[in-house]
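In the UniProt record's numbering, the protein residues as written are 1 to 114.
This report refers to the structure that appears directly beneath it.
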């Protein structure tokens, strides 16, 4: 069975399949915020989607982080490190990538178990 959350015409924000929650790329609502503000916003959106799907960040399996400026790595990690469950850190990749809007400072995808 496949369950989709926050379904749009192009994509779903989260999809549950075979006991896993796949979270689409999340970006900040406030595109003028600092890297720290945008990171907090993105992580809050991931938390909300995990909760809607019936799980939480302690069950994260993987997180992918996309930064248009890799020089934001340390500032993003300040927020990320305070958010992540230190007893259950997921696998993670962080890459420099051009994002869809030049004002975006971070985008993240996530995969979690139910």
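Ideal placement from N, C-alpha and C gives every residue a C-beta, glycine not left out.
Everything numeric in this text was worked out from a predicted model, so none of it was measured.
For the set 39, 19 and 71, the Cα lying nearest the Cα of residue 113 is the one of 19. The residue from 105, 23, 103 and 107 with its alpha-carbon nearest to that of residue 59 is 23. Around residue 2, the same chain offers 15, 16 and 17 as residues with beta carbons nearer than 8 angstroms, after the five sequence neighbours per side are excluded. In the DSSP assignment, residue 14 is bridged to 5 and 23. For residue 93, the enclosing beta strand (DSSP E) begins and ends at 91–96.
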